[in-house]
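Residue numbers (the working numbering), protein chains in the order written: chain A, 4 to 438; chain B, 561 to 731.
We put the CB at the ideal spot given by N, CA and C, even for glycine.
Note that the structure is a prediction, hence the values are computed from the model and not measured.
Structure record follows, encoded as C-alpha cells.
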Amino acid sequence: MTTANDTQTPGTATVPANPRAFPIKLQWESEGTSRIPFMAYTDADQHKKELERLFYNKHWNYVGLEAEIPNAGDFKRTVVGERSVIMVRDADGGISVVENVCAHRGMQFCRERHGNKKEFVCPYHQWSYTLKGDLQGVPFRRGVKQDGKVNGGMPADFKTTDHGLNKLKVATRGGVVFASFDHTIESFEDFLGPVILGYFDRLFDGRKLRILGYNRQRIPGNWKLMQENIKDPYHPGLLHTWFVTFGLWRADNKSELKMDAKHRHAAMISTRGQSGKADQVTQVSSFKESMELNDPRFLDIVPEPWWKGPTAVMMTLFPSVILQQQVNSVSTRHIQPDGHGSFDFVWTHFGFEDDTEEMTQRRLRQANLFGPAGFVSADDGEVIELSQMGFEQKPSHRTLAELGGRTAEDTDHMVTETLIRGMYEYWRNVMEAEA
Amino acid sequence: MSADSSTPMNTAPVNISFADYLALSQFYAAYAQAVDSGNWDLWPEFFVEDCVYKLIPRENHERGFPLATLLFESKGMLKDRVYGIRETLFHDPYYQRHVVGAPLVHKAEAGRFEVEANYAVFRTKLSQESTVFNVGRYLDVVVRTPEGLRFASRHCVYDSEMIPNSIIYPI
C-alpha cells in the first residue's frame, strides 16, 4: 500500500489501495460489528455453515400457525431453513413436524402444500407412515410366496421402528408453531428470553387466530438482509415516503428498541407521534404536508385493547421469522433461504376469532401497505435486491452500520442501527466458534 | 392441486350482440395498452367510482381466504395507488407488457357483462432480458356507462406462485 511520504511529489494525492476483488476469507475490520463484510452475504460455503449453525441446530424455526391445521389430519408443507418439512395435526390433536424425506429411497414424497390425510404414503414404493411419522407399512416386507417358497422380503432383523420419518422437536405457544431438528435445544421460552417473550405474548395472547391468507415473493438477496431490514429503524422515514407523506411514520414517534440477552432477537416498538407539524420532524424532501388520501380508508386505524399502547411492534425472531403488528395489520413473515443470494418470503396475514366483520375488513384493507406490492413493503424487497448486487460486485468491501455508535444496546429512540450490530455480535459468536 | 370447480365449461351461446362483443374486445385491448403505457393516470379511468380492484393469489382465491395482494374498493384508492407508484414507491424501473386473451363472456345482461380473460404480463428491466412476471386470469364485471364501458370490478387471480420480488405497476 502506498502511503503519503516525503518522496511524493508535492500536490499529488495519495493513491488508495486497490484491494483484491475476490478475498479468500471473510475478514472483519475489528472485533466490533459495525462494519459487516460483504462476504457475509456472498459466500456459498458460509451459507451452508449458517444453515448448519443457525437453522438446523440450537434455533427454533417458525413453521406455521395452529389455525392453518385446525382438524385431525390437516397438514401444511413448509421448510426449516432449506429442508422441506410437514406440519400436521394428528388424531390426538397434537402437532407433529416431520421431514419430507422418505426413509426408504429419500424421496420428497409430499407434494401438496396443504390438505388432509389419514397417513403419509410415499408413492414410489408405497411405504406408509402415521401422521406422527412412524413407519407402519412396507409392501412385500415378508416377501412373496410362490411355488412353496418365499421370494425376497426385508431381512429378518428389519424393524419398522428404526425407519420412521425424521421427527422434529415441536414447540407451540399462543397458536404459533416452531420446530427444530435439534432435540437438545433449550425451551422456546428460554430461546426468546423474557423481554421478547413478553412482546410475543402481547400479540399471541391465547385468542384463536383466523387465517386471512398468504402472499409469496422471491427476493434475490441474502436472507439476513430481511432480518436487518426489520432491525433498521433508520430507513422507514427515508425509504418509505408513503409512511411519512400520510403521517404514519414520524421521527417524533415514541420509540424503543429492545433485544434479548444474546442480541439475536429484537423488537422495534413505536407509538405514533401526535404533536407538532410533520415537516419539522422529517427530512424527507418529497414530504408534502397538504397531501391527503383520496380514500382515507387505507388508514382507518382503530386502536385495539391488546396493543396496550404501542401502535406498531415489529419483532425479528432469529433466524426464521418476522412478526408484524403495524396498527391493525398483523402477520407472520417467514424467511425461507434458497442459497446465499435468494430467499422466499411468505406472509401469513391473520386476525382474531373475536374480530368484527368491520375489523376483518380493516385488516384486509391495511394489508395494502404490506406484502410484495405494499405501499411500504414493496420497496424493501427492491433495496434488498440492489444491496445484494452491490455486495456481489465488490466482496472485499463492507457495509457501515454506525448510526448511534458502534456498540449494541437497547435504546429509547430510533436514530440508531444498534439492532443490526447486535445481530452480528450474535452471528460472530456462533459462526466463529470452534466446530 | 385442486381443480377450480368454480369454472364450468362455457361453450353455451351467450346473448350478446356483435357490436357489444366488439366494444368489449376494444375495451380489454385499451386497458392493456393503458397499463403498459407508463401513463398511470389512465388506469383508474377504466373503473366506475364505486369499484373493486383485486390482485389475489390463486391459492387465496380457491381456498376462500380473503387476503389480496392489492385490494382497492374505490376509484379513489386506485388514484392513491397511482400517487404511490409515481411519488413514493422506490423500485427498480421496468417496462411491463400485457398479453390478454379473448374475453370470454359468461353472462350478458342489459348494460352489464360478466367476463373472464387470461393474461400474461412480461417484465423487462433495463439492461435485462424480458421475463414472465405475472400470469393469471381476470374475473370481471363490466358495466355500460354514459362514458362507455367501465369495470365495476376486476379481480386479477394469478397463478404465479412467487412474485419476482415486487409488483409496483397495475396488472
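Inset, instruction - Please report how far the alpha carbon of tyrosine 127 of chain A lies from the alpha carbon of arginine 114 of chain A, in whole angstroms. - result: 13 Å
Inset, instruction - Flag asparagine 218 of chain A as yes if its beta-carbon sits less than 8 Å from any beta-carbon of chain B, otherwise no. - result: yes
Inset, instruction - Tell me the start and end of each unbroken alpha helix (DSSP H) in the segment 90-176 of chain A that is at least 4 residues and wholly inside, in chain order. - result: none
Legend entry - Whether serine 390 of chain A touches leucine 228 of chain A by CB criterion (8 Å): yes
Inset, instruction - Grab me the residues of alanine 47 of chain A's own chain with a C-beta within less than 8 Å of its C-beta, minus the 5 sequence neighbours each way, in chain order. - result: Gly342, His343
Inset, instruction - Taking tyrosine 429 of chain A as part of the beta strand (DSSP E), name the residues at either end of that continuous run. - result: Looking at the DSSP string, tyrosine 429 of chain A is not in any beta strand (DSSP E); the run it does join, the alpha helix (DSSP H), is 421-434.
Inset, instruction - Establish whether the CB of proline 653 of chain B and some CB of chain A are separated by less than 8 Å. - result: no
Inset, instruction - Give me the Cα-Cα distance between lysine 121 of chain A and valine 83 of chain A, rounded to the nearest whole angstrom. - result: 23 Å
Legend entry - CB contact check: lysine 685 of chain B to chain A, cutoff 8 Å: no
Legend entry - Identity of the residue in A:Gln30, A:Glu34, A:Ile39, A:Leu422 nearest asparagine 232 of chain A by Cα: A:Leu422
Inset, instruction - Select from the segment 625-648 of chain B all residues with a C-beta closer than 9 Å to any C-beta belonging to chain A, and list them in chain order. - result: Phe625, Pro626, Leu627, Ala628, Thr629, Leu630, Leu631, Phe632, Glu633, Ser634, Lys635, Gly636, Met637, Leu638, Lys639, Asp640, Arg641, Tyr643, Gly644, Glu647, Thr648
Legend entry - Euclidean distance between Cα positions of alanine 438 of chain A and lysine 261 of chain A: 30 Å
Inset, instruction - Specify whether the segment 627-646 of chain B and the segment 662-678 of chain B touch according to this definition: at least 3 beta carbon pairs, one from each stretch, less than 8 Å apart. - result: no
Legend entry - proline 322 of chain A and leucine 138 of chain A closer than 8 Å at C-beta: no
Inset, instruction - Check the DSSP bridge columns for cysteine 716 of chain B and list the partner residues they point to. - result: B:Leu615, B:Tyr698
Inset, instruction - Quick one: residues in its chain with C-beta nearer than 7 Å to the C-beta of threonine 45 of chain A, no 5 flanking neighbours on either side, listed in chain order? - result: His343, Phe394, Glu395, Pro398
Inset, instruction - Grab me the residues of threonine 705 of chain B's own chain with a C-beta within less than 8 Å of its C-beta, minus the 5 sequence neighbours each way, in chain order. - result: Val608
Legend entry - Continuous beta strand (DSSP E) stretch holding glutamate 674 of chain B: start and end: 672-685
Legend entry - Limits of the unbroken beta strand (DSSP E) element including asparagine 218 of chain A: 212-222
Legend entry - Backbone secondary structure at proline 340 of chain A - three-state DSSP: strand
Legend entry - Of the residues A:Arg144, A:Pro308, A:His166, A:His186, the one placed nearest leucine 206 of chain A, counting alpha carbons only: A:Pro308
Inset, instruction - Determine, using beta carbons only, whether threonine 248 of chain A comes closer than 8 Å to chain B. - result: yes
Legend entry - Member of A:Lys162, A:Arg253, A:Phe191 whose CA lies at the smallest distance from the CA of arginine 176 of chain A: A:Phe191
Inset, instruction - Compare the beta carbon distance of isoleucine 214 of chain A and leucine 54 of chain A with 8 Å and say whether it is the shorter of the two. - result: no
Legend entry - Validate contact between the segment 592-603 of chain B and the segment 694-702 of chain B using beta carbons, cut 8 Å, 3 pairs: no
Legend entry - Beta-carbon proximity list for lysine 234 of chain A, same chain, < 7 Å, skipping 5 on both sides: Ala269, Thr319, Leu422, Ile423, Met426
Inset, instruction - Return the CA-CA distance between serine 585 of chain B and glutamine 329 of chain A, expressed in angstroms with no decimal places. - result: 42 Å
Legend entry - Contacts that valine 83 of chain A makes with chain B (C-beta to C-beta distance below 8 Å): Correct list: empty, because the minimum Cβ distance to chain B is about 19 Å.
Inset, instruction - State yes or no: is the beta carbon of aspartate 298 of chain A nearer than 8 Å to at least one beta carbon in chain B? - result: yes
Inset, instruction - Pull up the distance between the alpha-carbon of arginine 672 of chain B and that of phenylalanine 353 of chain A, whole angstroms please. - result: 35 Å
Legend entry - Segment contact, 8 Å Cβ cut-off, at least three pairs: the segment 79-96 of chain A with the segment 57-66 of chain A: yes
Inset, instruction - Quick one: using the 10 Å Cβ neighbour count with 16 as the cut-off for buried, is valine 642 of chain B buried or exposed? - result: buried
Inset, instruction - Whole angstroms is fine: what's the gap from serine 183 of chain A's alpha carbon to glutamine 339 of chain A's? - result: 15 Å
Legend entry - Per DSSP, cross-strand counterpart(s) of histidine 238 of chain A: Histidine 238 of chain A pairs with nothing; no bridge assigned.
Legend entry - Cut-off 6 Å between Cβ atoms - residues of its own chain near serine 289 of chain A, not counting five sequence neighbours on either side: Legend: pLDDT at serine 289 of chain A = 45, less than 50; position of this residue unreliable, value from coordinates given subsequently. Once the five neighbours on either side are set aside, the close Cβ partners of serine 289 of chain A are Thr244.
Legend entry - Members of the segment 339-352 of chain A near chain B, C-beta cut-off 8 Å: Asp347, His352
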